[in-house]
Amino acid sequence: ENNPDGDLSADGMETQTDSVSTQTNSEVMAHKQNGIFSNMKRLQSNLEGLMNRMIPNWFKDSNGLYSNRLYSNRMIFAGIWLAGFLGICAVYLGQFIKLNRRVSDAVYVKKDRCWETENIDMPFVMPRLRPRVYLPYGLAGSKRKDIMSHEMQHIKNLDPLIKCAAAFAAAVHWFNPFVWTAYVLIGKDLEMYCDECVLKGRSLKERRDYTNTLLESAAESSGLTLMMHFGESNTEKRIRHILFVKKPRVI
5 ENNPDGDLSA DGMETQTDSV STQTNSEVMA HKQNGIFSNM KRLQSNLEGL MNRMIPNWFK
65 DSNGLYSNRL YSNRMIFAGI WLAGFLGICA VYLGQFIKLN RRVSDAVYVK KDRCWETENI
125 DMPFVMPRLR PRVYLPYGLA GSKRKDIMSH EMQHIKNLDP LIKCAAAFAA AVHWFNPFVW
185 TAYVLIGKDL EMYCDECVLK GRSLKERRDY TNTLLESAAE SSGLTLMMHF GESNTEKRIR
245 HILFVKKPRV I
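Per this note's numbering, the sequence shown starts with residue 5, numbered consecutively.
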């Protein structure tokens, strides 16, 4: 005959064994979770230490530690600066592409080493690795000679490169009005120095003819541009400088 007490005893042992097994599994899982949390804390501590060593002082608080708040606020300012910088670069690039399209049908004149087109009203130097001089179609005589002398002098003086560097500095420091003032003054100085180089040793009559050419080519400033236009920058002051400025005397 079967022993009911024996069966109950076996069932009880199995239940007890399952209970111990469940408890053991729970302890193992808890131990693993504690280990994972411990490793995560250690990793977080190591990452914070690494960030404190690597990130700029700009994102650190007065104690020299990384600050999420400072990082967040300063990243906002960095985003504003980047937006301004990219916006100004986009303006420069847009003007460059637009003007390139306008002179796409220009014809090269080997004799004068320049390009002629009917799509422009005033001569200018296009900044490139090899800068190009563009002239309105039909320009001739002494006027053409004066303009070509002026634009080729710009290339000789590396003025297109200087103006591009000044434009880049203005884009980087777009929030600083003093940099923009310097950018405008650099453009005027480049033009006036170029006039001086071209007219060095010329007679008063030749200077007057040059100023007449300058007046005929006078135009309003086009603002943000990398091009160097013959008659664009401060025409009146340039004429006064050409006609009335005396050479410095050696004492």
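Note that CB positions come from ideal geometry on N, CA and C, so glycine has one too.
Same chain, Cβ closer than 6 Å to residue i, neighbours up to 5 away in sequence not counted
i	result
Val137	Cys118, Val129, Glu155
Ser49	none
Residues near residue i by beta carbon distance below 8 Å, same chain, minus five either side
i	result
Glu210	Leu203
Arg212	Leu247
Phe296	This structure cannot speak to residue 296, because the chain is shown only from 5 to 255.
Arg105	none
Leu143	Glu120, Pro127, Ile151
Leu165	Pro131
His161	Here residue 161 turns out to be Asn, not His, going by the sequence shown. Here the set comprises Leu194, Tyr197, Cys198, Cys201.
Same chain only: Cβ atoms within 7 Å of residue i, ignoring 5 sequence neighbours per side
i	result
Glu122	Tyr141
Trp2	Since the first and last residues shown for the chain are 5 and 255, residue 2 lies out of range.
His177	Val183
Gln157	Cys198, Cys201, Val202
Ile159	Val129, Pro135
Contact check, residue i vs residue j, beta carbons under 7 Å
i	j	result
Lys147	Thr217	yes
Pro131	Cys168	yes
Ala175	Phe89	yes
Asp116	Met152	yes
Ile163	Tyr214	The amino acid at residue 163 is misidentified as Ile; the sequence shows Asp. No, these two residues do not count as a Cβ contact at 7 Å.
CB-CB length for residue i against residue j, believed under 8 Å
i	j	result
Ile246	Asp199	6 Å
Arg134	Met196	Arg134 to Met196, Cβ: 25 Å. No contact.
Leu219	Thr239	7 Å
(request) Kindly confirm or deny that the segment 101-112 and the segment 176-189 touch, where touching means at least three C-beta pairs closer than 8 Å. (result) no
(message) Which runs of the alpha helix (DSSP H) at least 4 residues long sit entirely within the segment 72-160? Give them in chain order.
(response) 72-106, 145-160
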